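Quick note on numbering: the working numbering labels position 49 of the sequence shown as 40, and the sequence is numbered without any gaps. Beta carbons are placed, not taken as given, at the ideal position from N, Cα and C, and that holds for glycine. Please read all numbers here as calculations on a predicted model, not as lab measurements. Let me begin by presenting the structure, written as structure tokens, before commenting on it.
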Amino acid sequence: MKVRAAIRRMKPYAPPLEGRDPASRLLLDFNESIVPPGPAVSMALRRFIEEGRLQVYPEYGRFVEKLAGFHELEPAQLILTNGSDQGIDIVLRALLEPGQSIVLPEPTFAMYHQVAGTLEARLVSPAYGEDMSYPLQAVRETLGSADRTGIRLLVVVNPNNPTGTEIDLADLEGLLSDFPGVAILVDEAYAEFTGHTVLPWIGRFENLAVLRTFSKAFAMPSLRLGFVAASAVFIGELNKIRGPYDVNMMAVAAAEAQIDFPEDWQAYVREVMDISKPRVEAFLVERGVNFYPGAANFLLVRPRDLAGTMAYLKENGILVRPQKTPIGDTFRLSIGPLPVMERLMEVYGRYLEQAAGDGAARRSDGRR
Ligand SMILES: Cc1ncc(COP(=O)(O)O)c(C=O)c1O
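Okay, here's the thing in structure tokens:
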């Protein structure tokens, strides 16, 4: 079979999935929820099966209305997607001709590269600052040349993965109003953790699309559900790309339970952000480990010895995700409930003590 050259040139996006068994490992590597969703979700899934609906094709109308109501949008301003990964796919497919450009500050979430590669789109990637701040000036300068350079889309991952950095909402508003000819996709995969969202701006800006997911705070990445919010006109175009049944009804049943009974996931968000995250940050400060605090349910940590740290954590059943960044080798650490993070701190603390002991022994030996 003669596959397109652009696809042959690409590498698959292959996240490190082996050994990810939550029964035997602490999975602090994928920014997931560390605990399963609340009982309302399992009840809804069981009910869906018992009602004998598995053999019927999906129908999303009622849920889309509920979701729109939850976010104070019109149903026509939303489209459900198979994870927000599919949202990325359909938005980029709708907007980009081969050779046109996306502005994508780096480092960021890998799926954008993947989809851009399949479309033969070009990436223009200003770098996040050394302090991981949003490269606003560079983005504005790049967008200023959009007419000449074929730039069609700016992606704003807010907060960004893996840096955790947010863009100031006033700066984002400035970009939307100053560059009406450039589409701006705001990826809000972690918005439940920050409480910052531009969903209320749909209807105000024709050039805005927002991406949301049920994979993070809603704790259901295995079911694959996200949505895109934008003007009804743009959503109408996306409806021509997404298949009529791409989202499965188990995901819809589970998400409906999360919207109807938000107490469990909201309590999880509060525990992670108000209790666990400050404790882990204080631990890292005390131990002199560099990290970038960020605004979401994860931290970007820059240890002195990445390979040694990761190996020790893994030996002790804890997985974290290595990240190549311009500021050096780092790992991304998901934050979960306090007892889970206490286990992490106990193991990491032991490693740091051993490493300090080894360093001192080497120095007194005169070895370097
Ligand atoms: C910034 C960002 N966007 C989108 C996604 C995709 O999430 P999903 O396809 O599970 O909705 C992720 C997942 O890690 C992410 O970090």
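Counted within 10 angstroms of its Cβ, other Cβ atoms place residue i as buried (16 or more) or exposed
{"i": "V32", "result": "buried"}
{"i": "A161", "result": "exposed"}
{"i": "Q345", "result": "exposed"}
{"i": "R230", "result": "Checking the sequence, you will find Asn at residue 230 rather than Arg. It is exposed - the Cβ of N230 has fewer than 16 other Cβ atoms within 10 Å."}
{"i": "Y236", "result": "exposed"}
{"i": "M211", "result": "buried"}
{"i": "K268", "result": "buried"}
{"i": "D251", "result": "exposed"}
{"i": "E277", "result": "exposed"}
{"i": "L275", "result": "buried"}
{"i": "Q249", "result": "buried"}
{"i": "D20", "result": "buried"}
{"i": "S24", "result": "buried"}
{"i": "S222", "result": "buried"}
{"i": "Y125", "result": "buried"}
{"i": "M(-8)", "result": "exposed"}
{"i": "Q46", "result": "exposed"}
{"i": "P153", "result": "buried"}
Which of helix, strand or coil DSSP assigns to residue i
{"i": "I175", "result": "strand"}
{"i": "P191", "result": "helix"}
{"i": "P13", "result": "coil"}
{"i": "L83", "result": "helix"}
{"i": "R323", "result": "strand"}
{"i": "F61", "result": "helix"}
{"i": "T72", "result": "strand"}
{"i": "E42", "result": "coil"}
{"i": "A118", "result": "strand"}
{"i": "R358", "result": "Any reading at R358 needs caution, since the residue's pLDDT is 49, under 50, leaving its predicted position unreliable; the model's value is listed next. Here R358 sits in coil by DSSP."}
{"i": "F54", "result": "helix"}
{"i": "K315", "result": "strand"}
{"i": "T300", "result": "helix"}
{"i": "F100", "result": "coil"}
{"i": "V26", "result": "coil"}
{"i": "A67", "result": "helix"}
{"i": "K(-7)", "result": "coil"}
{"i": "F289", "result": "strand"}
{"i": "F274", "result": "helix"}
{"i": "E221", "result": "Checking the sequence shown, residue 221 turns out to be Ala, not Glu. Three-state DSSP puts A221 in a strand."}
{"i": "R215", "result": "coil"}
{"i": "F184", "result": "helix"}
{"i": "V146", "result": "strand"}
{"i": "R295", "result": "coil"}
{"i": "A112", "result": "coil"}
{"i": "V47", "result": "coil"}
{"i": "A210", "result": "coil"}
{"i": "A200", "result": "strand"}
{"i": "L163", "result": "helix"}
{"i": "I232", "result": "coil"}
{"i": "L335", "result": "helix"}
{"i": "P93", "result": "According to the sequence displayed, residue 93 carries Ile and not Pro. Of the three classes helix, strand and coil, the one that applies to I93 here is strand, per DSSP."}
{"i": "L329", "result": "helix"}
{"i": "L134", "result": "helix"}
{"i": "Y4", "result": "coil"}
{"i": "L343", "result": "helix"}
{"i": "I226", "result": "helix"}
{"i": "Y283", "result": "strand"}
{"i": "L310", "result": "strand"}
Whole-Å CB distance - residue i paired with residue j, under 8 Å assumed
{"i": "G285", "j": "G155", "result": "2 Å"}
{"i": "K207", "j": "E228", "result": "27 Å between Cβ atoms; not a contact."}
{"i": "D372", "j": "V55", "result": "No information on residue 372 is available, as it lies outside the stretch -8 to 359 that the chain covers here."}
{"i": "T185", "j": "A287", "result": "7 Å"}
{"i": "L64", "j": "A220", "result": "6 Å"}
{"i": "E204", "j": "S75", "result": "For clarity, residue 204 is Thr in the given sequence; the question names Glu instead. T204 to S75, Cβ: 4 Å. Contact."}
{"i": "V232", "j": "A85", "result": "Strictly speaking, residue 232 in this sequence is Ile, with Val absent from that position. Correct: roughly 6 Å between the Cβ atoms."}
{"i": "A200", "j": "F218", "result": "Wrong, their Cβ atoms sit about 11 Å apart, outside the cutoff."}
{"i": "L202", "j": "L144", "result": "Between L144 and L202 the Cβ distance is about 12 Å, and since that is not below 8 Å, they are no contact."}
{"i": "G327", "j": "V263", "result": "7 Å"}
{"i": "M240", "j": "P49", "result": "5 Å"}
{"i": "A244", "j": "L216", "result": "That pair is no contact at about 10 Å."}
Beta carbon proximity, residue i to chain D, threshold 7 Å
{"i": "W192", "result": "Absence of chain D from the displayed structure is noted, only one protein chain being present."}
Q. Can you pull every residue whose C-beta falls closer than 6 Å to some heavy atom of ligand 1, listed in chain order?
A. N22, G74, S75, D76, F100, V148, N152, D178, A180, T204, S206, P212, G217
**Q.** Given 8 Å, three or more beta-carbon pairs between the region 287 to 298 and the region 308 to 328
**A.** yes
Q. When the Cβ atoms of the region 86 to 95 are set against those of the region 107 to 117, are three or more pairs found closer than 8 Å?
A. yes
Q | Given 8 Å, three or more beta-carbon pairs between the region 168 to 179 and the region 131 to 144 | A | yes
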